[in-house]
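Worksheet: one structure, shown below.
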Amino acid sequence: MSGRNTGVNVSRDLLWLFTKNHNCNIYKQKGIKVPFTKDPLNPKGVQTLRWSGSIQRKTLSVTPHPKGKGVVLVYRKRKYQMMPKKALQRVPLLKDNRRSYRSIKKFVNRNFYRTDLKMTVLRKASAILRSQQPRIHRKRNKRAKKAE
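Convert by adding 399 to the 1-based position in the sequence shown; the result is the number in our numbering.
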């Protein structure tokens with residue numbers, strides 16, 4: 400037996416039972432059945448087994464770039480699954496929108512990620528990039544003064 404830490408394989412369902420109600424990333428509100436989550440690897444922000452980034456093997460999400468232009472693709476490397484600090488990899492996508500979408504699609508297809516995850520991440524990236532564009536203020540025509 401080598402001195403390398405190989406870790407313990409636990410089923411996804413068992414992990415979900417432990418963490419679904421007790422997790423530091425959950426925030427609940429009255430009147431809402433499904434609680435929200437702040438998990439950085441959860442692309443939808445909903446606390447469900449399907450979207451939970453801390454439980455799934457292959458996780459993928461998009462966050463806004465700190466400089467305000469572009470997005471950062473966040474994913475987990477299985478090679479470092481026992482080293483949480485190294486496990487999260489971040490790839491900045493700073494070019495135009497089409498190239499960012501294309502690189503996300505290529506990454507998902509080449510690494511065999513789930514197709515529903517691909518569309519969700521693309522929608523989130525689209526919303527982030529759209530919010531970073533400057534707003535165009537249209538000048539309104541002045542109203543005519545009332546005749547006396």
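Note that beta-carbon positions come from the ideal geometry of N, C-alpha and C, so glycine has one too.
Tell me the rounded alpha-carbon separation between residue i and residue j.
i, j, result
"V507", "R513", "8 Å"
"D412", "T458", "16 Å"
"P491", "K545", "56 Å"
"R489", "Q446", "22 Å"
"S530", "G469", "10 Å"
"Q428", "N422", "15 Å"
"K466", "A543", "44 Å"
"F511", "L487", "18 Å"
"V461", "K541", "43 Å"
"R509", "R449", "21 Å"
Mapping DSSP to helix, strand and coil, what is residue i?
i, result
"Q428", "coil"
"T514", "helix"
"T436", "strand"
"Q446", "coil"
"T458", "coil"
Can you find the residues in the same chain that come closer than 6 Å, C-beta to C-beta, to residue i, ignoring five residues on each side of it along the sequence?
i, result
"F435", "Y426, G444"
"K437", "N424"
Suppose the cutoff is 8 Å on Cβ atoms and the five residues either side in sequence are ignored; what does the same chain contact list for residue i look like?
i, result
"K485", "K476, Y479"
"L528", "G469, V470, N496, S499"
"I535", "none"
Under 7 Å Cβ to Cβ from residue i, same chain only, skipping five residues before and after it: list those, please.
i, result
"T519", "P442, K443"
Would you decide whether residue i is buried or exposed? Buried here means 16 or more other CB atoms lie within 10 Å of its CB.
i, result
"V409", "exposed"
"L440", "buried"
"L493", "exposed"
"I503", "buried"
"V433", "exposed"
message: Between the segment 476-487 and the segment 518-526, can you find at least three pairs of beta-carbon atoms closer than 8 Å?
response: no
message: Contact between the segment 449-464 and the segment 406-419 is defined here as three or more beta-carbon pairs at a separation below 8 Å; is this criterion met?
response: yes
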